[in-house]
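Residue numbers (my numbering), protein chains in the order written: chain D, 828 to 907; chain G, 11 to 543. The structure appears right after this line, and notes come after that.
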């Protein structure tokens, strides 16, 4: 979806919300805070995925099975 | 002023504004500031015992409440705490090895070192120095001594009495939390490569375990510090204003004759951490961290091991789990080929994993609680069976993906008894991810939601069965078999509404899922109650 379409949809959602029921500033603030916290949590997920991919990608792309086993074992040892 | 000591806490009329120190049978256990930590009670103030201490307060003890210098004693008497039945015992605030414990400044119980343990103190100092050298020279980060050890070094050139652990920090050059976390993963790998044992506490905090010659372990926290915009963040939970120039280039400070890298301006760092009155000793000090900073750090770095402490405590002190295999294990065993491997997820102290091993079935035990591993391995040795155990927190995506990759290469069936109800949404999503990666059936047991049903054991919830099935299907699973009926909970007590599910995870492109067979289970067998210990 293009950025323009996305903004249009977001504006339409907001308009729809306002039409249905006026929300208090306090309620909207609480919702915004919850949404901000959800977004913050993506940082850890991005880091976890990037770490796994970067550590595993090279041995996988080299089709180096022994090295894949080694990396997986090292990761698993890292949990202990 | 009168002071009394009861099970509720310490009650003081006209409480002083200065900190007080509590010793039990001559051992330091806790310090508090009455006006800050107490609440109005009658004509004075009641300071309640810290929650972490209350389970130890059963028996007789010589309680002494005095000021920090020990010169002004407000209370010094023999007291009986707990029930009259405890009267003959002495209160012992100790770990399992008999080492004294004390409350630290965030309310946790930790080991308390006597100021006279000089050889042990030397081991801690040299271990901390080695950690800092490894961080600076091998992990390539700007690491420095911080917190209590830095405070002691600047104030007296000596460690603060009762301080048991040391903390080091490094200033990250990254300003995006995701990059800060990645760097912390790298730091952990380097430190493991240097021979350190580590526990990851959050995306920006790794704990090093330094073994001491008296059998104890010193914990050295490696905390990250970083700037986002104009705000400086430093783990634990500190946030505020501190320029990078207060830290870099690092200076040198001496503690008991050992040199350490320190912030460029140690006094600015101490004022940032402990406030403007950092020069005045206050063993009851508590951090006053800005809530907005804590909220950000929680969101960025934490959330994958929030339940570890609760379950560890349950394994240590909770109701004894039965040691006989569960009915779920027998149900699974009947449906699988004799030597088909099983992974027992959330195995706890391992009643089922051990039973599978005894039947000759290869089994991998997985749990996030180290306390569970200790019990399981002890029992495995007694039974003469091999049960590999892996510590994996289902909230940790890296751990889940790499365990999944390993299980995909060596396929295992999943056994997960009363696990689903103990997970949050993110952990549940990771559970389905892991199940799907194994490429084999998953066998689940859950306590079903409904009115008038007993509460599950521990911080678990009952599960809405229809929602669970929908969630599994959305994750790509197919419920092949479903049974609902009476069963037992984790403590072996009868539970009238327990569901068992067998879930398949068809590969994309395989044949369409069939409708599940649903049975109602009757006649539960009561589990024989035996204690793990």
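Heads up, the beta-carbon is just placed ideally off N, CA and C, and yes, glycines get one too. Treat the numbers as computed from the prediction; the structure is a model and nothing was measured.
Classify residue i as buried or exposed, calling it buried when 16 or more other Cβ atoms lie within 10 Å of its own Cβ.
i: residue 48 (chain G); result: buried
i: residue 116 (chain G); result: exposed
i: residue 538 (chain G); result: Any answer about residue 538 (chain G) is weak, because its pLDDT of 42 lies below 50 and its placement is not dependable; what the coordinates show is given next. Residue 538 (chain G) should be labelled exposed.
i: residue 838 (chain D); result: exposed
i: residue 269 (chain G); result: exposed
i: residue 892 (chain D); result: exposed
i: residue 875 (chain D); result: buried
i: residue 159 (chain G); result: buried
i: residue 420 (chain G); result: exposed
i: residue 866 (chain D); result: exposed
i: residue 243 (chain G); result: buried
i: residue 386 (chain G); result: buried
i: residue 840 (chain D); result: exposed
i: residue 492 (chain G); result: buried
i: residue 834 (chain D); result: exposed
i: residue 364 (chain G); result: buried
i: residue 79 (chain G); result: exposed
i: residue 356 (chain G); result: buried
i: residue 15 (chain G); result: buried
i: residue 480 (chain G); result: exposed
i: residue 13 (chain G); result: buried
i: residue 19 (chain G); result: buried
i: residue 43 (chain G); result: buried
i: residue 535 (chain G); result: In this predicted model, residue 535 (chain G) has a pLDDT of only 48, less than 50, meaning its place in the structure is not dependable; the value taken from the coordinates is given anyway. Its Cβ having fewer than 16 others within 10 Å, residue 535 (chain G) is exposed.
i: residue 541 (chain G); result: Any reading at residue 541 (chain G) must be qualified, since the residue scores a pLDDT of 32, below 50, and its modelled position is unreliable; no value is offered.
i: residue 543 (chain G); result: Confidence in residue 543 (chain G) is poor, its pLDDT being 27 and thus under 50, which makes the residue's placement unreliable; the coordinate value appears in the next sentence. So residue 543 (chain G) counts as exposed.
i: residue 832 (chain D); result: exposed
In the DSSP output, what is residue i paired with across the bridge?
i: residue 454 (chain G); result: G:426, G:511
i: residue 250 (chain G); result: G:242
i: residue 90 (chain G); result: G:70
i: residue 217 (chain G); result: G:209, G:231
i: residue 110 (chain G); result: G:104
i: residue 50 (chain G); result: G:55
Report the residue from the options whose alpha carbon sits nearest the alpha carbon of residue i.
i: residue 111 (chain G); options: G:33, G:96, G:93; result: G:33
i: residue 414 (chain G); options: G:438, G:446, G:431, G:399; result: G:446
i: residue 248 (chain G); options: G:435, G:350, G:282; result: G:282
i: residue 311 (chain G); options: G:399, G:216, G:345, G:338; result: G:216
i: residue 271 (chain G); options: G:278, G:257, G:411; result: G:257
i: residue 320 (chain G); options: G:336, G:306, G:358, G:305; result: G:358
i: residue 98 (chain G); options: G:67, G:78, G:242, G:113; result: G:67
i: residue 388 (chain G); options: G:360, G:137, G:104; result: G:360
i: residue 164 (chain G); options: G:277, G:438, G:300; result: G:277
i: residue 500 (chain G); options: G:335, G:434, G:374; result: G:335
i: residue 120 (chain G); options: G:137, G:60, G:144, G:148; result: G:60
i: residue 108 (chain G); options: G:55, G:224, G:131; result: G:224
i: residue 106 (chain G); options: G:254, G:381, G:261, G:428; result: G:381
i: residue 307 (chain G); options: G:238, G:144, G:176; result: G:238
i: residue 407 (chain G); options: D:878, D:901, D:883; result: D:878
i: residue 156 (chain G); options: G:84, G:280, G:92; result: G:280
i: residue 153 (chain G); options: G:194, G:129, G:114; result: G:194
i: residue 63 (chain G); options: G:467, G:92, G:417, G:347; result: G:92
So, residue i versus residue j, is the Cβ gap smaller than 7 angstroms?
i: residue 233 (chain G); j: residue 182 (chain G); result: no
i: residue 28 (chain G); j: residue 11 (chain G); result: no
i: residue 880 (chain D); j: residue 886 (chain D); result: no
i: residue 507 (chain G); j: residue 463 (chain G); result: yes
i: residue 379 (chain G); j: residue 325 (chain G); result: yes
i: residue 65 (chain G); j: residue 101 (chain G); result: no
i: residue 425 (chain G); j: residue 342 (chain G); result: yes
i: residue 514 (chain G); j: residue 488 (chain G); result: yes
i: residue 474 (chain G); j: residue 484 (chain G); result: no
i: residue 103 (chain G); j: residue 151 (chain G); result: no
i: residue 75 (chain G); j: residue 30 (chain G); result: yes
i: residue 230 (chain G); j: residue 245 (chain G); result: no
i: residue 457 (chain G); j: residue 472 (chain G); result: yes
i: residue 190 (chain G); j: residue 148 (chain G); result: no
i: residue 3 (chain G); j: residue 367 (chain G); result: Absent from the model: residue 3 (chain G). The displayed extent of chain G is 11 to 543, so no value can be given.
i: residue 55 (chain G); j: residue 25 (chain G); result: yes
i: residue 868 (chain D); j: residue 309 (chain G); result: yes
Contact set between the stretch 109-134 of chain G and chain D, restricted to residues whose Cβ is under 9 angstroms from the partner: none
Cβ-based contacts, 9 angstroms cut-off: residues of the stretch 269-285 of chain G near chain D: none
Short-range partners of chain D found in the stretch 177-195 of chain G, where Cβ spacing is below 7 angstroms: Here the close residues are 187, 188, 191, 192, 195.
Against chain D: residues of the stretch 411-434 of chain G by CB proximity under 9 angstroms: 411, 412, 413, 415, 416, 419
Interfacial residues, the stretch 873-884 of chain D to chain G, with Cβ spacing under 8 angstroms: Of all residues in the stretch 873-884 of chain D, 873, 874, 875, 876, 877, 878, 879, 883 have a Cβ within less than 8 angstroms of some Cβ in chain G.
Interfacial residues, the stretch 885-901 of chain D to chain G, with Cβ spacing under 7 angstroms: 899
Against chain D: residues of the stretch 475-486 of chain G by CB proximity under 9 angstroms: none
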